[in-house]
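In my numbering, the protein residues as written are 319 to 732.
Glycine included, every Cβ here is placed at the ideal spot set by N, Cα and C.
Since this is a predicted model, take the numbers as computed values, not measurements.
To keep things clear, I will list the structure first and then write my remarks on it.
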Amino acid sequence: MDHARREMEAIKSQGTAAVLKSAEKFGEVKNGESMMIQVTSLKEAYDSLDKNDRECLDRVASRIIKFATAQRLAIQEFEIEIPGGHAGHTVSPVEVAGCYAPGGRYPLPSSVLMTVCTAKAAGCKSIVLASPKPSQVTLAAAYVAGATHVLAIGGAHAICAMALGAGVPRCDIICGPGNKWVTAAKAVASISACVGIDMLAGPSEVLVIADESADPGLIAADLLAQAEHDVVARPILVTLGQNAIDIIANVNKELQSQLETLPTKAVASPAVECGFAVPCSSIDEAVRVADAVAPEHLEIITKNPQQIADKCNHYGGLFIGMGAAEVLGDYGIGPNHTLPTSGTARYTGGLSVLHFLRVRTWMRIDNSQQSQPAVQDAIILARHEGLEAHARAAERRLSSLNHDEQPAAKKPKI
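This is the structure:
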C-alpha cells in the first residue's frame with residue numbers, strides 16, 4: 319500500500335513525468351520513448367498473426383460481447399407515476415473505462431478481451447488499456463476488442479496514471495485482474511482519486527464438488543488449471559457419497575501423475591500443497607462447505623449437477639456438469655472470467671457490463687395539487703429528524719399557502 323500511495327502522490331504532483339520515471343525504472347520503456355502504443359500499431363499486430371489466431375480472437379470477442387450485450391439489455395430504463403408527476407431511472411455508460419491486463423510470465427490476451435469487450439458492450443466512448451510490455455497477441459486482442467488508448471506499462475503506476483489521467487483520458491472506472499501491487503493501487507485510487515473499481519482480487523480459487531461418477535483425471539486437470547496461476551492459488555475438492563475418501567485418494571494420484579509432465583509444475587505444485595479436500599456424507603453438507611468458502615470458481619461434477627447447483631448460494635462463477643469446464647469460462651465461452659475471490663462472492667459478483675453503467679434516478683412534478691400528500695409527509699419526517707430547513711423547503715410547495723406568509727407547522731410530539 320505504501321508503494322501505491324507514493325506512486326499516486328508522485329503522479330498527482332508531477333503528472334506524466336512521474337509515470338515515465340517508474341516505467342523506465344521497471345524497464346517498460348527506455349529514456350525518451352513513449353509509453354503509449356499507437357492505435358495503428360494494434361491493427362498491424364493483428365495482421366501479423368496467423369489466420370487461426372486472428373479467427374480465434376474474433377470468435378472469443380464475439381462471444382464475450384454477445385453475453386455482455388444480453389446483460390446490458392437485462393436492465394432497462396423505466397418511468398412510473400408518483401404523486402403529481404413521474405419518476406424513473408436512466409441507464410448510461412461511464413465515459414472512460416480503464417482496463418488492466420497483466421503481462422507477467424505470459425501474455426494474457428483473454429484478460430484484454432474480457433475487460434475491453436465488456437466496456438465496449440456497455441457503450442463507453444473511450445477505453446484505456448494498460449498492459450506491461452504487451453506482446454503482439456495482446457495488442458491484437460486490444461484491436462479486436464476496441465481499445466481506444468493503450469499504455470505499454472503495468473503495476474501501480476499504470477493504475478495511478480489511468481485514475482489521474484496522466485497521459486491518457488482520466489478513467490471513471492478501472493477494472494481487471496493484477497498482482498498485489500495492482501490491487502493495492504486500485505484500493506488507493508478508489509479513495510484518493512475518486513475512481514470506481516470492479517473489485518480487489520486475491521489469489522485464484524477453484525472448488526470442485528464431485529461424486530463417484532466423476533473422472534478423477536478430469537477433476538485433477540481442472541484443479542491444476544487453477545493451481546498453475548500462482549503458487550498461492552487454492553485448489554479445493556469436496557467429495558460426496560460412501561466412497562468420498564476413495565475419490566480424494568484417486569484424485570491425489572492423478573494430481574501427482576499429471577504434475578510430472580506439466581511445464582508449469584514449479585508454480586502448480588506449491589499451490590496443490592496449499593489446497594485441501596473435504597469428504598462429505600450428504601449433498602447438504604457439501605453445499606455448506608462450498609458456501610462457507612464462497613469460491614471464485616465452483617464446479618459441480620456429479621450425477622444430477624443442477625440439483626446441487628440450485629442449492630448453492632455463494633460463488634463467483636458456477637460451472638454445472640462435466641462439460642462446463644472452468645477453463646471454458648477463462649477463455650471466452652461467454653460469461654466474464656474476472657471474478658470475486660477470498661470469500662467476497664458472499665456479497666458481489668464478477669465483472670459485468672453493469673460495472674460500466676450508471677443507473678440514475680429522476681423525478682418531475684407536473685401537478686402540484688396532486689403532490690400535496692407527499693409534501694405533507696416530507697414536512698412531518700423532516701421535523702422528526704430535526705431538519706427544519708428541509709421542512710421549510712417542503713412547506714414552500716404547499717399549494718394552500720403563498721410564499722409571503724408561511725406559518726410554521728407544529729413540531730411533532732416525540
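Check                                                                                                                    : Outcome
Under the three-state DSSP convention, the category Leu-573 falls into                                                   : helix
Cβ-based burial, Asn-631 [other Cβ within 10 Å; buried from 16]                                                          : exposed
Those residues which DSSP pairs with Ser-331 across a bridge                                                             : In DSSP, Ser-331 forms no bridge with anything.
Proximity of Val-526 and Val-549 at Cβ, strictly below 9 Å                                                               : no
Beta-carbon spacing of Pro-420, Gly-520 below 9 Å                                                                        : no
Contacting residues, own chain, Cβ-Cβ under 7 Å from Ser-686 (five flanking each side not counted)                       : Gly-402, Arg-715, Ser-717
Proximity to Leu-580 [Cα-Cα], best of Arg-552, Leu-542, Asn-654                                                          : Leu-542
Residues bridged to Leu-636 (per DSSP)                                                                                   : Leu-616
Distance, His-321 Cα to Pro-553 Cα                                                                                       : 30 Å
Exposure of Glu-713, with buried meaning 16 or more beta-carbon neighbours within 10 Å                                   : buried
Reference Ser-660, options Leu-699, Ala-610, Ala-474, Glu-325, closest by Cα                                             : Ala-610
Continuous beta strand (DSSP E) assignments of at least 3 residues falling wholly in the segment 429-464                 : 444-448
Residue range of the unbroken beta strand (DSSP E) whose run includes Ala-642                                            : Unbroken run through Ala-642: none, as it is neither H nor E.
Proximity of Gln-394 and Val-409 at Cβ, strictly below 9 Å                                                               : yes
At least three beta-carbon pairs within less than 8 Å, the segment 646-653 to the segment 688-701                        : no
Where the beta strand (DSSP E) through Tyr-418 begins and ends                                                           : 414-418
Residues that Trp-680 bridges to, as DSSP identifies them                                                                : Gly-406
Buried versus exposed, by CB contacts within 10 Å (16 or more), Asn-275                                                  : Residue 275 is absent from the structure shown; the chain starts at 319 and stops at 732.
Cys-592: first and last residue of the uninterrupted alpha helix (DSSP H) it sits in                                     : 583-592
DSSP bridge partner residues for Met-354 (one or two, in chain order)                                                    : Leu-469
CB-CB length for Ala-733 against Tyr-633, believed under 8 Å                                                             : Only positions 319 to 732 of the chain appear in the structure, and residue 733 is not among them; the question remains open.
DSSP three-state assignment for Gly-667, whether helix, strand or coil                                                   : coil
Stretch-stretch touch, CB-based, cutoff 8 Å, three pairs: the segment 472-483 with the segment 650-657                   : no
Burial state of Ile-563 (16 or more Cβ within 10 Å)                                                                      : exposed
Proximity of Ile-445 and Ala-415 at Cβ, strictly below 9 Å                                                               : yes
Buried or exposed by the 16-neighbour rule on C-beta atoms within 10 Å, applied to Val-468                               : buried
Euclidean distance between Cα positions of Ala-479 and Ala-551                                                           : 29 Å
N- and C-terminal bounds of the alpha helix (DSSP H) containing Ala-519                                                  : Taken as a continuous stretch (DSSP letters only), Ala-519 belongs to no alpha helix (DSSP H), as it is neither H nor E.
Closest residue to Ile-515 among Asp-529, Ile-492, Pro-450, Val-412 (Cα-Cα distance)                                     : Ile-492
Neighbourhood of Val-569 by C-beta distance below 7 Å, restricted to the same chain and skipping five residues each side : Pro-534, Ile-537, Ala-538, Leu-555
Test item: CB-CB of Ala-363 and Leu-457 under 9 Å                                                                        : yes
Span of the beta strand (DSSP E), counted from its first residue to its last, around Ala-528                             : 523-528
Beta strand (DSSP E) segment containing Cys-493, residue limits                                                          : 491-493
Bridge partners - Ala-595, DSSP secondary structure assignment                                                           : Leu-555
Element boundaries [alpha helix (DSSP H), containing Glu-706]                                                            : 706-713
Integer Cβ distance of Ala-470 from Val-430, believed to fall under 8 Å                                                  : The pair is not a contact, with the Cβ atoms about 13 Å apart (cut-off 8 Å).
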